[in-house]
Amino acid sequence: MANSNNNRRKFMATTLQSVGLTALGGLLWSGYADEAKASPLVLRPPGALAEDDFLKACIKCGLCAEACVNRDSNRNRDGSQREGTLKMAKGGDHKVIGTPFFQPTDVPCYMCDDIPCVPVCPSGALDMKSLINNGTGELDINLAQMGLAVVHKESCVAFWGIQCDACYRACPIMDEAISLEYQKNERTGKHAFLLPVVHSDVCTGCGLCEQACITEKPAIFVLPREHSTGKADDHYVKGWDKKDQERVKDAEAIHTKNERSDKEASDYLNDEVEY
Ligand code: SF4
Ligand code: SF4
Ligand code: SF4
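Taking my numbering, I'd label the letters of the sequence shown as residues 105 to 379.
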């Protein structure tokens, strides 16, 4: 009888162990699967290293998110605490689990002057040096490059001729990161458009414009810089840009595959034109 009880206990223990291991395996697998399909369209805190370096350096401690939610300015009028900007990714977020990110449509970055989320980072994944203003030697949130705002012209009602400047007014660097460009409506000749234009050299990617946008799905939204910017080949020269001319002054002559023609440009005029 004692033997049969022992056997039953052993059987129960083994069963529970297998169930536990299966559940743990499931969790690990779902974590792995989540990481494998992590979206590259992720916005990181101010001062974050380039994404690959950031992922190697971040130790997933959550101190930045803690500093963000606990900052003094993160209070409602009644004194209660607001939701923080930075979240730590969990299963189902489609981000690398345990890393900090933000979604401007929910909570943008309020561009705190003292940037409390950055100095607390113990691993260097958030690089304080990149946010130090060379002129003042102090932290400067305007140097942050969390992303870049992009306007989708087809859904922005300002491009329909409807007056809207919600994004422009929400921007903490108004008239520098985003400006309104006057454009005459050539069709009617009477009306004008006031169009939001984002300036990539100033925009920090805070997302306050995205959160303020009045359209059902924001017509202005922030993307990581590597996904919102292009790059022209180095041999293209703007021509009028002084810095650009300096950049290519020592460049080697560009060789084309075809021999250069001896003809004058005017020799080609009217070639093969019959009267
Ligand atoms: S700058 Fe301020 S609002 Fe933005 S992530 Fe850091 S603590 Fe949060
Ligand atoms: S993300 Fe929008 S609100 Fe923030 S700096 Fe850029 S244009 Fe301004
Ligand atoms: S708030 Fe939205 S709809 Fe209005 S001008 Fe800005 S991008 Fe366009």
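In this text, a Cβ means the ideal position worked out from N, Cα and C, and glycines have one as well.
In this text, all values refer to a predicted model and were calculated from it rather than measured experimentally.
By the three-class DSSP mapping on this structure, what secondary structure does A161 have?
Helix at A161.
Is the beta carbon of L190 closer than 7 angstroms to that of C172?
yes
Leaving out five residues on either side along the sequence, give the residues of the same chain with a beta carbon under 7 angstroms from the beta carbon of K164.
Hits under 7 angstroms: G202 and T203.
Just jot down, in chain order, the residues whose CB lies closer than 7 angstroms to any heavy atom of ligand 3.
Qualifying residues, in the order they occur: V255, C260, V261, A262, C268, D269, A270, C271, Y272, P300, C313, A316, C317, I318, T319, P322, A323 and I324.
Across which residues does DSSP place E285 in a beta bridge pair?
Its beta-bridge partners are L299.
Can you list, in chain order, the residues of its chain whose CB lies under 8 angstroms from that of I282, leaving out five sequence neighbours each side?
A253, C271, Y272, C275, P300, V301, V302, H303, C307 and C313
Among T292, R291 and A296, which residue has its Cα nearest to the Cα of T284?
Just to set this straight, residue 284 is Leu in the shown sequence, not Thr. The shortest C-alpha separation from L284 is found at A296.
Taking only heavy atoms of ligand 1 into account, decide whether any of them is closer than 6 angstroms to the Cβ of P204.
no
Identify which residue in G293, F325 and C162 has its Cα closest to the Cα of V224.
C162
Any heavy atom of ligand 1 closer than 6 angstroms to the CB of C225?
no
Given a cut-off of 7 angstroms on the beta-carbon distance, is the pair S227 and G151 in contact?
Cβ atoms of S227 and G151: not closer than 7 angstroms.
Let's test the definition: count the other Cβ atoms within 10 Å of the Cβ of P144 and tell me whether it reaches 16, buried, or not, exposed.
Using a 10 angstroms sphere on the CB of P144, the tally of other CB atoms stays under 16, which defines it as exposed.
Would you kindly work out how many angstroms separate the C-alpha atoms of C168 and T292, rounded to a whole number?
52 angstroms
In whole angstroms, what separates the C-alpha of H339 from that of D182?
58 angstroms
Please tell me whether, using a cut-off of 6 angstroms, the distance from the CB of T189 to the nearest non-hydrogen atom of ligand 1 is below it.
yes
Evaluate Q267 with the Cβ neighbour count: other Cβ atoms within 10 Å of its Cβ, from every protein chain shown; 16 or more gives buried, anything less gives exposed.
exposed
Give every residue of the same chain whose Cβ lies closer than 6 angstroms to the Cβ of D248, excluding the five residues on either side of it in the sequence, and list them in chain order.
In the sequence as displayed, the identity of residue 248 is Ala instead of Asp. Excluding positions up to five away in sequence, the list reads P150 and T308.
Just tell me which of L153, T319, N178 and E155 has its CA closest to the CA of C213.
Nearest to C213 by alpha-carbon distance, out of L153, T319, N178 and E155, is N178.
Output the distance between the C-alpha atoms of K160 and A142, rounded to the nearest integer angstrom.
Between K160 and A142, the C-alpha separation is close to 15 angstroms.
Is the distance from the Cβ of D244 to the Cβ of N237 below 7 angstroms?
Closer than 7 angstroms, so yes.
Simplified DSSP state of Q207, which is helix, strand or coil:
coil
Quick one: grab the DSSP three-state call for G124.
Residue placement at G124 cannot be trusted, given a pLDDT of 49 that sits under 50; what the coordinates show is reported in the next sentence. Helix.
heavy atom of ligand 2 below 6 angstroms from A169 C-beta
no
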